[in-house]
Structure formats: C-alpha cells, structure tokens
Amino acid sequence: MRRQIRRLAGDRAGVSAVEFALVAPVMIVIFIGTIELPRAYATKQRLVRATRSMADLISRGSLTSVTDIYAAGRAVMYPSDASGSGIILTAAGVYQLANKSYEARVCSSAADKTTKRVANAILGEPPPSEARVNARYMMAEMTYRYVPIFNLFPALNDLTFSQVTTWPVRSVTGAPVVLPGGAACP
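Mapped onto this note's numbering, the consecutive letters of the sequence shown carry residue numbers 350 to 535.
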C-alpha cells in the first residue's frame with residue numbers, strides 16, 4: 350500500500366489537466382466579461398445618443414405627432430431592442446422665484462410606454478444655460494432595461510439604464526414648442 354502511495358505521489362501524468370481545470374473557469378469569466386461589460390457600456394452610450402437625437406428633433410418646433418420621434422430614438426439604439434423602453438418628451442419653462450432663484454416647470458409633455466409629466470409640475474433647477482427668466486428648453490428621457498448575453502453576472506441581470514437630456518429650443522421662428530396634447534408655457 351505504501352509503495353502505491355509513493356508511486357502516485359511521484360506520478361506527474363495529468364498535472365496539466367488539473368492545472369487547466371483550475372485556470373479554465375477564471376479564463377472563461379474574463380472572456381465573458383470582455384464581451385459583456387463593453388456591450389453594456391456601448392448600450393449606455395447609444396442611450397445618450399438616442400435622447401440627444403430626440404431632444405434635438407423636438408426642439409425645432411411644435412409637432413402634431415411625436416410617433417416618428419419615438420421611432421427615431423429607438424432606431425438610434427440599434428442593435429439593442431428598445432421597443433419596450435419608456436420615453437418621455439417634455440417642453441419646460443423657466444420662472445424666477447421670489448428669492449431670485451430659478452425654477453423649471455413642465456409646459457407640455459408626451460410619453461410612450463410610461464407616464465408623461467403633469468403640466469406645471471416642478472422639475473427643479475433649470476440647466477445653467479437656461480437659468481434666465483422665461484427661458485424654454487426641451488427634455489428627452491429614456492429608460493432601457495439591459496438584457497445581457499450571458500447570465501453569469503447577477504449585477505447585469507437587473508440593470509436598467511436611464512438618461513435625461515436637456516436641449517435648448519431651436520425654433521427658427523422663436524415660437525414656443527408645444528408637444529401634442531399640451532399647451533404653451535404660461
């Protein structure tokens with residue numbers, strides 16, 4: 350029995366297989382991470398571009414329909430499937446308070462697959478570029494639930510990206526932008 354134990358202890362056959370079995374799981378996790386993490390980052394960047402595109406499109410003037418704006422935002426998200434993502438488009442007005450600070454309020458809002466903002470709801474402080482009396486700006490918001498390729502990283506399974514982009518009104522005529530179903534800022 351001792352002779353067999355000594356012989357097994359001195360046997361080097363199969364050491365490479367054992368080493369590979371120990372290293373392979375770590376290598377696989379690193380490989381999957383090099384795919385999944387950049388993909389999640391790229392998805393977030395597409396979300397930023399989508400909200401910027403929608404904000405720019407609605408800032409050019411009043412619209413009778415925003416269906417094409419939603420479609421454009423979702424198209425920018427390609428190859429990610431953004432068909433279930435929530436989008437809120439908002440026209441906002443800036444008002445000066447008694448203490449000389451500024452407050453942004455909703456003038457009109459439209460939404461797809463989520464709830465639109467209520468007219469005259471307070472948005473908080475306006476962006477610094479719009480912090481002046483009677484300034485108007487647009488806001489595009491999009492929420493996207495990230496779906497990972499590999500179900501290996503639990504943190505990515507419940508990952509939801511949200512992006513809010515503000516944009517100055519770019520109407521050539523200077524007329525206020527009113528979203529469908531809404532009213533001009535008071």
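For each residue, glycine too, the CB sits at the ideal point set by N, CA and C. On a predicted model such as this, the values are computed, not experimentally measured, just so you know.
Span separating the alpha-carbon of residue i from that of residue j
i: Tyr444; j: Ser432; result: 36 Å
i: Val482; j: Pro517; result: 14 Å
i: Val467; j: Tyr419; result: 19 Å
i: Leu386; j: Thr400; result: 22 Å
i: Ala459; j: Thr439; result: 7 Å
i: Ser511; j: Met376; result: 32 Å
i: Thr509; j: Glu368; result: 39 Å
i: Asp430; j: Tyr495; result: 9 Å
i: Ala447; j: Ala480; result: 15 Å
i: Asn506; j: Asn500; result: 7 Å
i: Val378; j: Ile384; result: 10 Å
i: Pro475; j: Gly531; result: 20 Å
i: Ile381; j: Ser365; result: 23 Å
i: Asn469; j: Cys456; result: 6 Å
i: Met403; j: Tyr486; result: 13 Å
i: Glu490; j: Val513; result: 4 Å
i: Ala504; j: Arg355; result: 48 Å
i: Phe471; j: Val415; result: It should be noted that the sequence gives Ile, not Phe, for residue 471. About 23 Å.
i: Gln394; j: Gly473; result: 25 Å
i: Arg398; j: Gly363; result: 53 Å
Expected contact under 8 Å - CB spacing of residue i and residue j to nearest Å
i: Ala421; j: Met488; result: Between Met488 and Ala421 the Cβ distance is about 16 Å, and since that is not below 8 Å, they are no contact.
i: Ser434; j: Thr492; result: 6 Å
i: Met426; j: Leu406; result: Not really, about 15 Å apart at Cβ, beyond 8 Å.
Cβ-heavy atom distance, residue i to the ligand NAP, below 6 Å
i: Met350; result: The model depicted lacks the ligand NAP and carries no ligand whatsoever.
Counterpart residues of residue i in DSSP-defined beta bridges
i: Thr514; result: Ala489
i: Ser457; result: Ala440
i: Thr509; result: Arg494
i: Tyr451; result: Gln445
i: Gly435; result: Thr492
Give a yes or no on contact between the stretch 398–412 and the stretch 522–531, applying the rule of three or more CB pairs nearer than 8 Å.
yes
Ordered list of beta strand (DSSP E) runs contained in the stretch 463–488, each at least 3 residues
471–473
Length-filtered (4 minimum) alpha helix (DSSP H) runs lying within the stretch 398–429:
416–425
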